[in-house]
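Take a look at the structure set out below.
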Amino acid sequence: MIVAATNQLLELALALLAAPLLLGWVNKCRAWLQNRSAPSIWLPYRNLHKLFHKDAVLADNASLLFRAAPYVVFGSMVVAAAIIPSVGTALPSAYVADAIALVGLFATARVFMSLAAMDIGTAFGTLGARREMMIGFLAEPALLMVIFTASLIASSTSLVAISTAFVTRELAIYPSLAFAAIAFMLVLLAENARIPVDNPATHLELTMIHEAMLLEYSARHLALMEWAAALKLFNYAAIGIALFVPWGIARGDAGYVELLAGAPILALKLLSFGAGLALIETLSAKLRIFRAPEFLATAFLFAVLGMLVHLLLGS
Amino acid sequence: MSWSIWGGYSPIDATLVLIGAWLLLGVAGLFAPRNTRFVAHVIFPLGALVGLAMLVNAVVGITAPVETREMLLGLPDLPFHARQDALACVFLALLGGGSFGISLFAAGYFRDGPGAAPGLLGFQYHVFLASMAAVLLADDAYAFMVAWESMALASYFLVVTQHKVPAIQRAGFLYLLIAHIGALAILLSFGILQGGSWHFTFDAMRSASHPAPWASAAFFLALAGFGAKAGLLPLHVWLPEAHPAAPSPVSALLSGVMLKMAVYGTLRVALDLIGEPLWWWGLVTLGLGLGTALFGVVFAAVQTDMKRLLAYSSIENLGIAFSGAGLTLMFRGFGLDTLAAIALLATLYHCLNHACFKSLLFLATGSVLHATGERNLGKLGGLIHHMPWVAGLALIGTLALAGLPPLNGFVSEWLLLQVFLFTASVPQPFIDMFVPLGAALLALITALSAYVMVKFYGVIFLGRPREPALDKARDPGGLERLGLAWFALACVLLGVLPVVVLRFLEIVSAQLLGATLGDRLDSWWLLSPISAERAAYGPIVFLLGLVAVVVVAALVVRRYYHAGVRRGPAWDCGFGRLDSRMQDTAEGFGQPIRRIFAPFFVITRIVPSPSDTSPVYAVQIDDPFWGWLYRPIDRTVQGLAALVSRLQRGRISTYLLYSFLTLIGLLVLVL
Amino acid sequence: MLSTALTSQLVNLCAAVLLLLAFAMLAQRRTVALVDLFTAQGVALAISTLVVALNTGHGHMYYSAALTFALKVCALPWILRRLIRRLDVQWEAESRLDITATMIIGLLVVIFAFGLAEPISALATTITRATLGIALAIVLLSFLMMITRRKAISQVIGFLAMENGLFFAASSATYGMPMLIEFGIALDVLVAVFVLGVFFFQIREQFDSLDLHNLESLRDK
Amino acid sequence: MELAVILLLPLAGTLVLAIWGARPSAPEVNAAFSLGTLLAATALTVRVISGGPVLAWGGQFFIDSFNVFLVALTALVGFTTALFSRPYMRIERDHGRVTARRMRLYHSMYQMFMATMLVALLTNNMGIMWVALEAATLSTVLLVSLYRTAASLEAAWKYFILCGVGIAQALFGTILLYFAAEKILGAEGMNALLWTELNGGKSELEPQGLSLAFVFLLVGYGTKVGLVPLHNWLPDAHAEGPTPISAVLSGLLLNVALYIVIRCKVLVEGSLNSNLPGQILMAFGLLSVVVAAFFLWRQRDIKRLFAYSSIEHMGIVTFAFGMGGPVANFAALLHMTVHSLTKSAIFFAVGHAVQKSGTQVMDEIRGLVVRNPTIGWGLMLGTIAILGVPPFGVFASEFLILTTAMQQQPWAAPILLGALAVAFAAIIGRVQPMVFGEPGGKRLAHQPALVPVFVHLAAVLVLGLYIPPYLADWYRQAAQLIGATP
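Quick note, the sequences are listed as chains A, B, C and D, same order. The numbering of the first sequence is the working numbering, which starts it at 77 and goes up by one. The numbering of the second sequence is the working numbering, which starts it at 51 and goes up by one. The numbering of the third sequence is the working numbering, which starts it at 1459 and goes up by one. The numbering of the fourth sequence is the working numbering, which starts it at 12 and goes up by one.
Here's what the structure looks like:
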């Protein structure tokens, strides 16, 4: 019980704190790979700190919804972090929301972000909202398919149960999971506004998606949004880890030792994930916005193949 | 159970009394047809109370044992039979709850009445309600058909209230025609089911045994009939015409309540009257349902009229409900009764959900329509500043319809997805492979509906007003707000307390399928239809967690970062002042869908030429089914009519020749 | 009291005459001539009825013969002639009437009628059973005539000729219908002709001709 | 006693009105005579229902539950139509479409028509039946041509020739019947043509002759029923005559003719002991329903529209009788009743609508509910009812007929379904814009007589929801008489 509680708190704290760090790490790797002089890995923290201390400027016709959205988005990301097993599977909160609820949670954040973007009534805001929702409805089925493939294997839709099952059962090769992993990677790129679908580092209106929605935000609202974005990346990474490389995640019946052991293992995985992400982003070029459907269709295809392979081979 | 302590009271009698009350109210309205105050202040509020009573009575009745009654009315040898079982009770509760909110709203809405005499309107309205209740109680084919068609007729007259608009007349015509054809199909289905025994009571049909081919014929006739009412492909064309045409409370009633009668009928015929469905019926229904849902949501995404958008979204939701029904039938056919039970519960739950949020949204559009006189999304916007109540309550409906946790839309979606995941355990080869794809389709549909809802809410309530007149828009009066709030509350409650509701719905599956979820519904806060480790969802905890995080975050931010807030103009990229015409339009918001789902549409564009002095760009989107199905039929009929009319060419000797030849022909025949 | 053999010969003779007359009417173009033929038919009909009456001695057959004579030989032809004179259409004639084709069709119809009546008349008790086929043939021929006519009056004459066929069937094949009914029928026919007479005038004043192609305006477009 | 009144009162009316028919009070006199007939008919009905079948006047007249219900129906609709024609003909008079002399003709012929129909219904003698029906034709020919317009003359001429020829065939059929019957029943007297006698000895009647007779009778009387392809006179006669006459033609004459056809069918079926007549009737019925449905599609004239709808419904009834069996016969009788009530009600409403907008062309009639709500709603509800939408009575019978068809003749059910759908689309698509929309037309000089309309519709509504037990028994007896042997 105590262990579970600590596990829960540990994960939350870890997510909240490590998320910006992961972002910083990814940016650093990208800079290295592109032979740029890399910004400090702590830059995201400084940004947040600075933003939190600024005075907020709201557009004249900003409604309550516009001000509430950052909190909702941030909140849902935190809750999401609370139900994804990263260091240990003894998560009490994971029992009240399974993977489908998790997807729903992401959708909630997305919808609120888009609504907030439409609230001001600028061309950019609506444009960003439209594109974000488009990416969303294309990515969501693919993500669900990935999760279904896993949950068909583990015969459960709860992430905790899935990762537990994967950890406990003997090491075997799951072609279905391989397909699912590729699909998941593609979805992750799209959902987190990474190249090739979107580029977090640009404000060109032709290509903007995520940034377009944040244009009107400033100060603490912007900070929360940025932090939420970082959390989202972290969460996706954690999901990927829990589904595909769960080894090292402490079991439900584990003690403090495993838990503490889990943390560095997680850190290791995250570092390699960040590096990989940076590599992909560097190697690939930004797609035209209307190539994005094809990109995600590919993801969906992989996910479905994964499921069919599982149903066919039973593995 | 609780009902027994009521002594003489029995739910079915109460229901009959309430139906009578509705009829009386309607007739009372006829005595003062032009007296708006009387109708608005007396008739409709009373009708709302009757609805509330109906809701309570139905909830009590679910747990009561099944009862039957016979009435004096009806055909000789076939008096009207009434029967109230759990299934009927669930839909009666839906009807009661829905009519309560809608009648409250209508009481305010019709205050400055539209063209038709409000008394007449009230009459049709309450007859409509009563006939729907009668549909649910009917326990013989004749009573059912009478109630069913009266429902169609009353709603038809409500649809054509503003009959001076030609488009509305067309809509009404289409509606009545398809409704009638559907009714005939249902009639034939009953004709099969009564199986030569001239007893049209449902009991006789239950007891009769049906050979497979006849049973299939009966089922598909019924599916066609009920599908026509539910807007199932390809019989959906009337729906987006008729629902927007009606006054908003009526649209709410049509979409929120009446469409569910189709689901009820399908379940009644397939699970109760036929009893032993074949698994492939389920598969067909599932396919139809998913296809309809996808079609509906894709078309909803490209609408520019807010009520049409909602109408198409109704098509989508009914499609989802029918896919649930299809799963129920399939599992039933395979004998997997527990799974069938879960699918059935999901279907019923979705019906309840849709009744809540769709009524809410239609009523909201009604308020907007009243306040602005505008239905075109291209002329709305920014109403959240002028109509905070409507905007706030509509937001709940929007999120619920978008299927977001922890609101109610998500619960039925969650249940359905769980069921889909189980089809892997179906014995039939291939099915177990294809059907999980249905889950992906369902996910796509839900995500798309989120897209639609963002468009709906964003364009109407957010952004800048697209017309100067919108600044005069104001929130509606108390009764309307009450009606809206009722549905919003229902959305939240159904969202956070699913288990409590499911415990009632479970009785239906117990009666129809003989299967229950048993102890899986023990914990009142945690929904785990199969087992806790298999899948669990505790919306209330979920909600509390979310709220807690948000509140904490807000407090922390307030506490430590109390920097001020300045208001300023939105960033205009240095172009000079923005105006409302620069924001994205409804068409623009639909553009990605148009692009991605191009094959679904028949698109006609008006593109200006470079030398155009006053360039116009317009794009019109039509339903391909007109070209595929309806126009060919129309052409065929026209052709045949032209052919037949040659018989009547006015020449008397030709006529004599006809009878001469008839005579000869018959003589040859008997020779 | 005629001998049975003679009766049957006489009746069959009348039948043959009637059939012949029916053909003649079918082929006749001029309206006035049609009236003459119709009168002749009436005479033959009356004679045959009388013969049957003499043979059987049924009282009501005498009345029937008298009735036939009064109606079909005197009244109707007189009315028709009067009408023709008053409307002055003495010289009216059917154009567009393909005699040969009509004749051939007529022949086929006759054969068909005989074939049809043969098994039935075989069962009859009356001596004059064979006439049933001829009566049927006359009815059908008059029907054919009505179809082919374009003039109001000739169509009416066709109608009356059909009535003759029926009378013949009634009188010869079944020794006459009950008296009351025969009177009723006769009355109806008479009234009908009066009504038609009125009609002729109205049609004439409306369309100033009795050509039926005027009466083809009511139709489905 | 009642019988005498029923038969003689209308004849007396004919004579009286032939003399005083031009008086201003003539319409009331007309209505009074009809009322008398109605009362007598009611009395007779009560007697027959309680006392069973009655033979009167040397067996020449015969009343059983089958025809007595038609007698009652005829008297009722005759009376309400007389009520309706009071204001209607007055307005026609004001519009100068009829002169005083024509009014006299109209009233006297109206009574004549009633008389002939009642005789045809009540008589037991196939010969008298024929005479009466021919007389009915003659009287209605005069009524159809009442306006003396080119169109009405043409309509009347066609009506006369076609029905005359048809009737002639029927006479030949009757002769054959007599020919076949006299061997058994003897040539003496007239009982060789008494339906009861024939029915009694139908098993000995020899089938060949009888089937031949049936063909002629069917073609003959079928012409008057308006069965396709013998129907051509019907739309013209309905459209061009005065509306009250259209109402009684549709509502009553077709019923009477069909009644006779059914009597004949009973005889022949009995002697053939095969279902051939039934099948022939089914074929005619189905053909009529389908063809009429498609005819409806292209109509422009409102009265023609509903004339074709009458053909369609006669087709339905014929089909039901053809199927036979207690349920189908019951349904067919019920359908005859509700059809004549509804259709006459519709014609009443149509009549006033036409007078109001001064045209029978449907495209020029608009927005009736706005200007004259009663006429508009009368037309709308009547249409809804005739299209077989519950809770009106027409649905009750169609319900039984369709379900029976689904059981006994599954092949026919889809055809019926399609035809009904086409008819529905055609009629409602035409009527809706007339009833709704922007109004046109003017107010009427006289108060329109809409009591009959709503009385009829109310009756139909009641029949849809509740058929009184004695009425039901009555139908059942009749259905038995027609022979419950499918």
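Each residue gets a CB set at the ideal place from its N, CA and C atoms; glycine is no exception.
Count the other C-beta atoms from every protein chain shown that fall within 10 angstroms of the C-beta of B/Cys623, then say buried if there are 16 or more, exposed otherwise. For the purposes of this step, residue 623 of chain B is identified with residue 573 of the second sequence, where counting begins at 1. Burial call: exposed.
Any chain A beta carbon closer than 8 Å to B/Ser257: Position 207 of the second sequence holds residue 257 of chain B. Cβ-Cβ to chain A under 8 Å: no for B/Ser257.
When we look at the beta-carbon of A/Phe310 and count the other beta-carbons within 10 Å, is it buried (16 or more) or exposed? Here residue 310 of chain A is taken as the residue at index 234 of the first sequence, counted from 1. When all chains shown are included, A/Phe310 counts as buried.
Who does B/Phe647 pair with in a DSSP beta bridge? The residue labelled residue 647 of chain B in the question sits at position 597 within the second sequence. Beta-bridge pairing links B/Phe647 to no other residue.
Contact under 8 Å by Cβ, A/Ala132 with B/Val606: Looking up residue 132 of chain A in the first sequence gives position 56. Looking up residue 606 of chain B in the second sequence gives position 556. Taking 8 Å as the Cβ cut-off, A/Ala132 and B/Val606 do not qualify as a contacting pair.
Please state the DSSP three-state secondary structure of C/Lys1683. The requested residue 1683 of chain C is not part of the displayed model; chain C covers only 1459 to 1679.
B/Tyr705 touches chain D at which residues, Cβ-Cβ below 8 Å? Reading the second sequence from its first residue, position 655 is the one you call residue 705 of chain B. Residues of chain D passing the Cβ test: Lys169, Leu173, Asn243 and Trp244.
Helix, strand or coil for C/Tyr1521? Go by DSSP, reduced to three states. Stepping through the third sequence from its first residue, residue 1521 of chain C is reached at position 63. Helix at C/Tyr1521.
Using a Cβ-Cβ distance cut-off of 8 Å, determine whether D/Glu6 contacts chain C. What the structure shows of chain D is the stretch from 12 to 497, and residue 6 of chain D is not part of that stretch, so it cannot be assessed.
Proximity to A/Val79 [Cα-Cα], best of A/Val163, A/Val154, A/Met153 and A/Ser116: Position 3 of the first sequence, counting from 1, holds the residue named residue 79 of chain A. Closest option to A/Val79, Cα to Cα, is A/Val163.
Using a Cβ-Cβ cut-off of 6 Å (strictly less than) and excluding sequence neighbours within five positions of C/Ala1551, which residues of its own chain qualify? Reading the third sequence from its first residue, position 93 is the one you call residue 1551 of chain C. Same-chain partners within the cutoff: Arg1487 and Arg1488.
So what's A/Pro217 in DSSP terms, helix, strand or just coil? As a first step, residue 217 of chain A must be located in the first sequence, where it is residue number 141. Three-state DSSP puts A/Pro217 in a helix.
So with Cβ pairs under 8 Å, would you call C/Met1603 a contact of chain D? Against the third sequence, residue 1603 of chain C aligns to sequence position 145. So, not an interface residue.
Short of 6 Å in beta carbon distance, which residues of its chain neighbour B/Val300, apart from the five on each side in sequence? Order them along the chain. Residue mapping note: residue 300 of chain B aligns to position 250 of the second sequence, counting from 1. Excluding positions up to five away in sequence, the list reads Leu208.
Please state whether DSSP places D/Gly107 in a helix, a strand or coil. What you label residue 107 of chain D is simply residue 96 of the fourth sequence in a count that begins at 1. In the structure shown, D/Gly107 sits in coil (DSSP, three-state: anything other than H, G, I, E or B).
Contacts of D/Gly138 in chain C (Cβ-Cβ under 9 Å): Within the fourth sequence, numbered from 1, the residue matching residue 138 of chain D stands at position 127. Correct list: Met1635, Pro1636, Leu1638, Ile1639, Glu1640, Gly1642 and Ile1643.
Would the beta-carbon of D/Thr91 fall within 8 Å of that of D/Pro444? Along the fourth sequence, read from residue 1 onward, the residue named residue 91 of chain D stands at position 80. Along the fourth sequence, read from residue 1 onward, the residue named residue 444 of chain D stands at position 433. No, they are not a contact pair.
At which residue ranges does the region 244-296 of chain D contain complete alpha helix (DSSP H) runs of 4 or more residues, listed in the order of the chain? 244-251, 254-259 and 265-283
Taking the C-alpha atoms as reference points, what is the distance between C/Phe1481 and C/Asn1622? Residue numbering aside, residue 1481 of chain C sits at position 23 when the third sequence is read from its first letter. Residue numbering aside, residue 1622 of chain C sits at position 164 when the third sequence is read from its first letter. In a straight line, the C-alpha of C/Phe1481 is about 14 Å away from that of C/Asn1622.
Have a look at the DSSP bridge pairing and note the partners of B/His131. Sequence index remark: in the second sequence, residue 131 of chain B carries index 81 (1-based). B/Glu120, per the DSSP bridge assignment.
According to DSSP, simplified to helix, strand and coil, what is B/Leu203? Translated into the one-based positions of the second sequence, residue 203 of chain B becomes position 153. Of the three classes helix, strand and coil, the one that applies to B/Leu203 here is helix, per DSSP.
Near-chain C residues of the region 688-701 of chain B (beta-carbon distance less than 7 Å), N- to C-terminal order: Ser695, Gln698, Arg699, Gly700 and Arg701
Per DSSP, the bridge partner or partners of C/Lys1609: Within the third sequence, the letter at position 151 stands for residue 1609 of chain C. Partner(s): C/Asp1669.
Same chain, Cβ closer than 8 Å to B/Pro682, neighbours up to 5 away in sequence not counted: In the second sequence, counting from the first residue as 1, residue 682 of chain B sits at position 632. Result list for B/Pro682: empty, nothing under 8 Å.
Any beta carbon from chain D within less than 8 Å of B/Thr211's own beta carbon? As a first step, residue 211 of chain B is located in the second sequence; it is residue number 161 there, counting from the start. False, the Cβ-Cβ gap to chain D never drops below 8 Å.
Interface residues of chain A around B/Pro455 at Cβ under 7 Å? Counted from its first residue, the second sequence places residue 455 of chain B at position 405. The contacting residues are Ala177, Gly180, Leu181 and Thr184.
Exposure label - B/Gln670; buried when at least 16 CB within 10 Å: The count along the second sequence starts at 1 and reaches residue 670 of chain B at position 620. That one is exposed.
How about D/Pro253: is its C-beta nearer than 8 Å to some C-beta of chain B? Working through the fourth sequence from its first residue, we reach residue 253 of chain D at position 242. No, no contact with chain B.
Taking C-alpha atoms, which residue in D/Tyr117, D/Leu316 and D/Val381 lies nearest to D/Glu449? Here the question's residue 449 of chain D lines up with position 438 in the fourth sequence. Answer by Cα proximity: D/Val381.
If the cut is a Cβ gap below 9 Å, which residues of chain D does B/His260 touch? As a working mapping, residue 260 of chain B is identified with position 210 in the second sequence. Ordered by position in chain D, no residue passes the 9 Å Cβ test against B/His260, which lies about 13 Å from the chain.
So which residues of chain B does D/Leu476 contact, with C-beta pairs closer than 8 Å? Position 465 of the fourth sequence holds residue 476 of chain D. Neighbours of D/Leu476 on chain B, chain order: Leu123, Gly124 and Val196.
Residue from B/Phe384, B/Phe460, B/Ala350 and B/Leu454 with nearest C-alpha to B/His400: Here the question's residue 400 of chain B lines up with position 350 in the second sequence. The shortest Cα separation from B/His400 among B/Phe384, B/Phe460, B/Ala350 and B/Leu454 belongs to B/Phe460.
So the alpha helix (DSSP H) B/Asp253 belongs to, where does it begin and stop? As a working note, residue 253 of chain B is residue 203 in the second sequence. Per DSSP, B/Asp253 belongs to the alpha helix (DSSP H) from Phe252 to Ser257.
At the level of alpha carbons, what is the spacing between B/Phe675 and B/Leu344? Looking up residue 675 of chain B in the second sequence gives position 625. Looking up residue 344 of chain B in the second sequence gives position 294. B/Phe675 and B/Leu344: Cα-Cα distance of roughly 14 Å.
Please classify B/Ser659 as buried or exposed, where buried requires at least 16 other C-beta atoms within 10 Å of its C-beta. Walking along the second sequence from the start, residue 659 of chain B turns up at place 609. By the neighbour-count rule (16 or more Cβ atoms within 10 Å), B/Ser659 is not buried but exposed.
Contacts that B/Leu721 makes with chain C (C-beta to C-beta distance below 7 Å): Locating residue 721 of chain B in the second sequence gives position 671, counting from the first residue. Going along chain C in sequence order, the residues near B/Leu721 (Cβ under 7 Å) are Leu1574.
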